[in-house]
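Here the sequence shown is numbered in the numbering used here, starting from 28 and rising by one per residue. Notes follow once the structure below has been shown.
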Amino acid sequence: MTTIPLAPETTDTLGSRLKWAVVDCWTILIQEMVHLVRQPSNFAWQLGFPIVMVLMFVYVFGSAMDVSGQGAGAGYLEFAMPGLFAMTMAFGFMNTAFAVTMIKERGFIDRFRSMPMASSAVVTGRGLADVIHATVDLAILVVIALVLGWRPGGSLAATLTAFALLLWLRTALIFVGIQLGLMLKNTEAAGNLFALAFPFGMVSSVFAPPDLMPGWLGAVAAWNPVSSTAGAIRELFESPAVASGYWIEEHAVTTAVLWPAVITAIFLPLAVRQYQRLGR
């Protein structure tokens, strides 16, 4: 008598599963990049807002800011540009959330889930595409800053470390964007995320030192992860530093590494779990 097994034996090994996870991630990455190239308006929107903020804060309000102790307006461009780099990376999570919500709304995620592909591919492929997008955004913004007269004052190694910290923050916030995008019902709801992103970016040391704010608001701004990254890259660029007396500002480089690590540890598993729970 022949015994028929209830479930077919699988020949998949850990190595083959990892191989297919990488292949599926690469497929998603190519799909996202093709979509991005065909819609250049996304670059225009993401870069247009920071450029407007530069013009408004540096050339309108900057003349009244004394951040270097040398008088109003002195050194404000050197102070504001690192903050602007950090804010641009922080606001990027809105684009991630909007893109994820859009592909979910159009049924792409349902198609992916019906295919024999790695469940992590959508999250990792989307994340890699956003890192490439953020790198291009940052390069364009640096060129604009150089045209305006900003110059990094640190060594080449310090400058590269500063850019790495900026991309590290952006990478961590990608998983926040994916989690929010998978939770939201439609792109209209994703468009409302600006109400969340605006205080997250602005209540920080991006454009003004926390000691110029009311006490409680200054403490919130100092402990904002965006402030840690902004403070760290100011230190690496040798820009005018914020000296408000908060412990976290005195250890900005360390906390600029730790904050994104904490955010990733929390939101990466949540994003993968949220993707796996879709359609249940």
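Note that the Cβ used here is the ideal one computed from N, Cα and C, for glycine as well. Since the model is a prediction, treat every value here as computed from it, not as a measurement.
- [ ] Note down the Cα distance separating W47 from L41, rounded to an integer number of angstroms.
- [x] Taking the straight line from one Cα to the other gives about 10 Å.
- [ ] State the Cα-Cα distance for the pair T256 and P296, rounded to the nearest angstrom.
- [x] Spanning the two alpha carbons is a distance of roughly 23 Å.
- [ ] Taking P267 and G102 to be in contact with their CB atoms under 8 Å, please state how far apart those CB atoms are, rounded to whole angstroms.
- [x] Their Cβ separation, rounded to whole angstroms, is 5 Å, which keeps P267 and G102 in contact under 8 Å.
Open item on the list: Considering only the alpha carbon of each residue, which of V158, A117, V79 and I136 lies closest to M60?
Closed with: If you compare the alpha carbons of V158, A117, V79 and I136 with that of M60, the shortest gap goes to V158.
TODO: Would you identify the three-state DSSP class for E265, choosing helix, strand or coil?
DONE: In the structure shown, E265 sits in coil (DSSP, three-state: anything other than H, G, I, E or B).
Task: Cβ pair count under 8 Å reaching 3, the segment 214–227 against the segment 125–132 - done: Contact between the segment 214–227 and the segment 125–132 is established, with three or more Cβ pairs separated by less than 8 Å.
TODO: Would you kindly report the start and end of the unbroken alpha helix (DSSP H) that includes P241?
DONE: Per DSSP, P241 lies in no alpha helix (DSSP H) and is assigned neither H nor E.
Open item on the list: In the DSSP assignment, the alpha helix (DSSP H) including V233 goes from what residue to what residue?
Closed with: Per DSSP, V233 is not a residue of any alpha helix (DSSP H), being assigned neither H nor E.
Open item on the list: Just to confirm before moving on: does the CB-CB distance between F88 and Q206 stay below 9 Å?
Closed with: Not closer than 9 Å, so no.
- [ ] Examine the Cβ distances between the segment 141–154 and the segment 247–254 and report whether three or more of them are shorter than 8 Å.
- [x] Cβ pair count under 8 Å is below three, so no.
Open item on the list: Suppose you measure from the CA of V62 to the CA of F112; what does that come to, to the nearest Å?
Closed with: The sequence shown places His at residue 62, not Val. Their backbone Cα atoms lie some 25 Å apart in a straight line.
Open item on the list: So for T40, helix, strand or coil by DSSP?
Closed with: The three-state secondary structure of T40, taken from DSSP, is coil.
Task: Member of A199, A292 and M144 whose CA lies at the smallest distance from the CA of V50 - done: Closest option to V50, Cα to Cα, is M144.
TODO: Determine, using beta carbons only, whether G181 and A189 come nearer to each other than 9 Å.
DONE: In this structure, A189 lies closer than 9 Å to G181 by Cβ.
Task: Rounded Cβ spacing between F202 and A298 (contact assumed at less than 8 Å) - done: Right, their Cβ atoms sit about 5 Å apart.
Task: Run of the alpha helix (DSSP H) containing M207, from where it starts to where it stops - done: Before going further, note that residue 207 is Leu rather than Met in the sequence given. Residues L183 to M210.
Open item on the list: For the alpha helix (DSSP H) containing V163, name the first residue and the last one.
Closed with: Taken as a continuous stretch (DSSP letters only), the alpha helix (DSSP H) holding V163 covers A148 to L175.
TODO: Could you check the C-alpha separation between E262 and R65 for me, to the nearest Å?
DONE: R65 has its alpha-carbon roughly 38 Å from the corresponding atom of E262.
- [ ] Examine chain B for any beta-carbon lying closer than 9 Å to the beta-carbon of A126, and answer yes or no.
- [x] No chain B appears in the structure shown, which is made up of a single protein chain.
- [ ] Pull up the CB-CB distance for A199 and F118, whole angstroms please, since I reckon it's below 8 Å.
- [x] No, A199 and F118 are not in contact; Cβ-Cβ is about 14 Å, not under 8 Å.
- [ ] Let me know the secondary structure DSSP gives V289 once reduced to three states.
- [x] For V289, the secondary structure class from DSSP, reduced to helix, strand or coil, is helix.
Task: Buried versus exposed, by CB contacts within 10 Å (16 or more), W286 - done: The residue is buried, with at least 16 neighbouring Cβ atoms inside 10 Å.
Task: Proximity winner among P179, R153 and L193, relative to E265 (alpha-carbon distances) - done: If we check each option's Cα against that of E265, P179 comes out closest.
Task: DSSP three-state assignment for N122, whether helix, strand or coil - done: Collapsing the DSSP output to three states places N122 in a helix.
Open item on the list: I believe A279 touches A259 by the beta-carbon criterion, under 8 Å. Please report the beta-carbon distance rounded to the nearest angstrom.
Closed with: Indeed they touch by this definition, with Cβ atoms about 4 Å apart.
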